[in-house]
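**Student:** For the sequence shown, position 61 matches number 61 in our numbering, and the numbering has no gaps at all. Just so it is clear, CB atoms sit at the ideal spot from N, CA and C, and this is done for glycine as well. Note that the structure is a prediction, hence the values are computed from the model and not measured.
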Amino acid sequence: WGERFFTTEEHRENDSASAMDDRIRFIEHQGKQILLLDFSHANANEMQLLLEYVRITVAQHSRESLVTLADLTGATVDHAVATRIKEVLTLDRPFVKKTAWVGSESIPHAFMENFGSFSQREIVTFKTREEAMDWLVGE
Numbered sequence: 001w002g003e004r005f006f007t008t009e010e011h012r013e014n015d016s017a018s019a020m021d022d023r024i025r026f027i028e029h030q031g032k033q034i035l036l037l038d039f040s041h042a043n044a045n046e047m048q049l050l051l052e053y054v055r056i057t058v059a060q061h062s063r064e065s066l067v068t069l070a071d072l073t074g075a076t077v078d079h080a081v082a083t084r085i086k087e088v089l090t091l092d093r094p095f096v097k098k099t100a101w102v103g104s105e106s107i108p109h110a111f112m113e114n115f116g117s118f119s120q121r122e123i124v125t126f127k128t129r130e131e132a133m134d135w136l137v138g139e
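(1) Could you tell me the distance, in whole angstroms, from the CA atom of M20 to the CA atom of E139?
(2) Please return the same chain residues whose Cβ sits closer than 6 Å to the Cβ of V96, not counting the five positions on each side in sequence.
(3) May I ask you to report which of helix, strand or coil DSSP gives A147?
(4) Measure the Cβ-Cβ separation of N43 and T76 and say whether it is below 8 Å.
(5) Closest to E130 by C-alpha separation, out of V54, T83, V102, would be which residue?
(6) Whole angstroms is fine: what's the gap from E52's alpha carbon to R84's?
(7) Determine the extent of the beta strand (DSSP E) in which T125 is found, giving its start and end residues.
(8) Measure the C-alpha to C-alpha separation of S119 and R23 and round it to an integer number of angstroms.
(9) Let me confirm a value: R12 is counted as buried when at least 16 other C-beta atoms fall within 10 Å, else exposed. Which label applies?
(10) Between the Cα of E46 and the Cα atoms of G74, Q33, S104, which residue gives the shortest distance?
(11) Look at the alpha carbon of V124 and the alpha carbon of R55, and state the distance between them as a whole number of angstroms.
(12) Could you tell me the alpha carbon to alpha carbon distance between S104 and A132, rounded to whole angstroms?
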């Protein structure tokens with residue numbers, strides 16, 4: 001009697017929130033916290049949802065308190081996604097001390113330049129997560 005049955009919509013929302021928590025989460029490297037932004041293999045729609053989740057998550061932290069690692073391996077970055085990335089990078093700027101990206105080789109060079117100039121943030125790219133994490137926790 002006490003069981004509660006979820007509607008399909010509620011299941012989708014719960015699955016979606018869980019997927020977001022798996023992709024956007026803190027990891028530890030050399031005793032320091034890094035906010036992992038795992039966009040790997042996300043399609044354009046998933047990218048839009050993840051970017052909004054990132055914006056909300058980052059804004060809950062103190063100014064200049066975060067270091068972030070974005071993994072864009074195999075992610076779809078079309079014009080609409082690129083525009084949203086620029087917006088989120090700009091909104092996140094007060095909260096993020098350092099950011100590193102991996103898997104950005106397939107993103108057009110013009111988009112990458114635009115991200116940095118529009119957001120006025122330095123985006124440092126690396127070949128591996130390990131290299132990126134080492135740089136992020138270094139002083």
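**Tutor:** So, from the data block:
(1) Reading the sequence shown from its first residue, position 20 is the one you call residue 20. Reading the sequence shown from its first residue, position 139 is the one you call residue 139. Taking the straight line from one Cα to the other gives about 30 Å.
(2) Locating residue 96 in the sequence shown gives position 96, where the first residue counts as 1. Here the set comprises L66, T68.
(3) The shown model of the chain, from 1 to 139, leaves out residue 147, and the question about it has no answer.
(4) Within the sequence shown, numbered from 1, the residue matching residue 43 stands at position 43. Within the sequence shown, numbered from 1, the residue matching residue 76 stands at position 76. Their beta carbons are under 8 Å apart, which means N43 touches T76 by this criterion.
(5) Stepping through the sequence shown from its first residue, residue 130 is reached at position 130. Comparing Cα positions, the closest option is V102.
(6) Within the sequence shown, the letter at position 52 stands for residue 52. Within the sequence shown, the letter at position 84 stands for residue 84. The alpha-carbon atoms of E52 and R84 are separated by roughly 9 Å.
(7) Locating residue 125 in the sequence shown gives position 125, counting from the first residue. Following the DSSP letters along the chain, one finds T125 inside the beta strand (DSSP E) bounded by residues 124-126.
(8) Here residue 119 refers to the residue found at position 119 when the sequence shown is read from its first residue. Here residue 23 refers to the residue found at position 23 when the sequence shown is read from its first residue. Each residue's CA atom was taken as its position, placing S119 and R23 some 23 Å apart.
(9) In the sequence shown, the residue the question calls residue 12 occupies position 12. Low confidence applies here, because R12 scores a pLDDT of 43, under 50, leaving its location unreliable; read the following figure in that light. Label assigned to R12: exposed.
(10) Residue mapping note: residue 46 aligns to position 46 of the sequence shown, counting from 1. Shortest Cα-Cα distance from E46 to any of G74, Q33, S104 involves G74.
(11) Taking the first residue of the sequence shown as 1, we reach residue 124 at position 124. Taking the first residue of the sequence shown as 1, we reach residue 55 at position 55. CA-to-CA, the gap between V124 and R55 works out to about 20 Å.
(12) Sequence index remark: in the sequence shown, residue 104 carries index 104 (1-based). Sequence index remark: in the sequence shown, residue 132 carries index 132 (1-based). Distance between the alpha carbons of S104 and A132 is about 12 Å.
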